[in-house]
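Note sheet for the following structure.
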Amino acid sequence: DSTPILTIDGPSGSGKGTISRIVAQQLGWHYLDSGALYRAVAVAAGWADVDLADPSALVRCTFDTDIRFVDEPGHELKILVNGADATLELRTETAGAAASAIAAIPEVRSALVERQRRFAREPGLVTDGRDMGTVIFPNARYKVFLTASAKERAERRYKQLIDKGVSVTIDGLLREILARDARDSQRTVAPLRPAPDAAHVDTTGLSIQEVVEQVLSVVRS
Ligand code: C5P
Numbered sequence: 003d004s005t006p007i008l009t010i011d012g013p014s015g016s017g018k019g020t021i022s023r024i025v026a027q028q029l030g031w032h033y034l035d036s037g038a039l040y041r042a043v044a045v046a047a048g049w050a051d052v053d054l055a056d057p058s059a060l061v062r063c064t065f066d067t068d069i070r071f072v073d074e075p076g077h078e079l080k081i082l083v084n085g086a087d088a089t090l091e092l093r094t095e096t097a098g099a100a101a102s103a104i105a106a107i108p109e110v111r112s113a114l115v116e117r118q119r120r121f122a123r124e125p126g127l128v129t130d131g132r133d134m135g136t137v138i139f140p141n142a143r144y145k146v147f148l149t150a151s152a153k154e155r156a157e158r159r160y161k162q163l164i165d166k167g168v169s170v171t172i173d174g175l176l177r178e179i180l181a182r183d184a185r186d187s188q189r190t191v192a193p194l195r196p197a198p199d200a201a202h203v204d205t206t207g208l209s210i211q212e213v214v215e216q217v218l219s220v221v222r223s
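Positions in the sequence shown are counted from 1; adding 2 to them yields the UniProt record's numbering.
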């Protein structure tokens with residue numbers, strides 16, 4: 003398989019989403035936000051009153067949920083879940099926490115493997131998540147692992163939420179980020195960890211443009 007793939011994995015708040023989208027646009031490649039798939043399943047499960055503690059019902063829900071990405075240059079990535087625009091609902095902390103819970107269920111993860119691999123199309127794919135370079139695309143040509151200090155990630159998230167008019171505290175966000183890190187890296191299936199062949203980029207103190215340059219240099223080197 004020769005389609006070039008760039009995987010960008012890292013913890014929440016490392017800037018993966020922003021960076022991946024810009025890099026994909028600059029390369030003219032397709033983009034897969036794998037976290038949005040987990041968020042979409044979690045949201046669809048909520049709509050259908052599916053018990054988050056019932057793995058087989060969640061697996062059924064994973065197969066039944068229609069998820070579409072509307073990705074137009076210059077516009078925010080729009081996500082349709084069963085035909086409804088769920089872009090805003092997907093970005094809430096509630097959806098993130100529910101996604102993180104269902105993402106720990108092995109059967110839900112396997113139900114999403116093929117769906118993710120189908121995004122690999124010419125001229126190339128940029129994909130971000132937790133296990134893109136380790137599990138979904140282990141043979142990807144380019145792999146990046148993005149990090150940032152927990153404090154910086156909490157501050158970035160704080161700015162985003164305050165800009166949206168959501169009232170939060172940095173300490174509260176920091177606690178949530180540390181709890182999510184622990185859950186994502188300690189789970190037994192597809193834990194968050196760098197692929198052995200991933201280039202590490204620490205984004206602490208770097209601007210978006212500086213991170214984009216470093217990631218692009220991995221592809222161009
Ligand atoms: O990246 P994002 O914050 O949108 O992901 C939401 C949750 O989905 C993460 O906390 C993680 O538990 C899960 N996830 C995952 N594997 C991925 C992407 C996301 O387990 N490839």
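Quick reminder that beta carbons are idealized off the backbone N, C-alpha and C, glycines included.
Where the alpha helix (DSSP H) through residue i begins and ends
{"i": "residue 234", "result": "Since the first residue of the chain shown is 3 and the last is 223, residue 234 is not available in this structure."}
{"i": "L208", "result": "Unbroken run through L208: none, as it is neither H nor E."}
{"i": "residue 226", "result": "Beyond the ends of the chain as shown, which are 3 and 223, falls residue 226; an answer cannot be given."}
{"i": "A192", "result": "First-last for A192: undefined, no H or E at that position."}
Bridge partner(s) assigned by DSSP for residue i
{"i": "R70", "result": "L82"}
{"i": "Y33", "result": "V128"}
{"i": "Y160", "result": "DSSP lists no partner for Y160."}
{"i": "D87", "result": "L82"}
{"i": "A200", "result": "BP columns for A200 are empty, so no partner."}
Residue i: first and last residue of the uninterrupted beta strand (DSSP E) it sits in
{"i": "T9", "result": "I7 to D11"}
{"i": "L148", "result": "Y144 to T149"}
Sub-8 Å separation of residue i and residue j beta-carbons
{"i": "D204", "j": "L194", "result": "no"}
{"i": "T64", "j": "V83", "result": "no"}
{"i": "A192", "j": "T136", "result": "yes"}
{"i": "L29", "j": "V168", "result": "no"}
{"i": "D199", "j": "K145", "result": "yes"}
{"i": "R41", "j": "A97", "result": "yes"}
{"i": "V217", "j": "I7", "result": "no"}
{"i": "R93", "j": "L39", "result": "no"}
{"i": "D68", "j": "G85", "result": "yes"}
{"i": "V110", "j": "V45", "result": "no"}
{"i": "R119", "j": "I104", "result": "no"}
{"i": "A106", "j": "R189", "result": "yes"}
{"i": "L127", "j": "A156", "result": "no"}
- Message: Can you confirm whether the segment 73-92 touches the segment 34-42 when touching is taken to mean that 3 or more C-beta pairs between the two stretches lie within less than 8 Å?
- Response: Taking a cut-off of 8 Å for Cβ pairs, the segment 34-42 and the segment 73-92 touch, as three or more such pairs fall below it.
- Between the segment 20-28 and the segment 41-60, are three or more C-beta pairs nearer than 8 Å? The segment 20-28 vs the segment 41-60: no contact.
- Taking three-plus beta-carbon pairs below 8 Å as touching, is the segment 12-19 in contact with the segment 168-187? For the pair of segments examined, the segment 12-19 was found to touch the segment 168-187: the number of CB pairs separated by less than 8 Å reaches three.
- Assess, as a yes-or-no matter, whether the segment 147-155 is touched by the segment 197-214 under the definition of 3 or more beta carbon pairs within less than 8 Å. Using a C-beta cut-off of 8 Å, the segment 197-214 makes contact with the segment 147-155, since at least three inter-stretch Cβ pairs fall below that distance.
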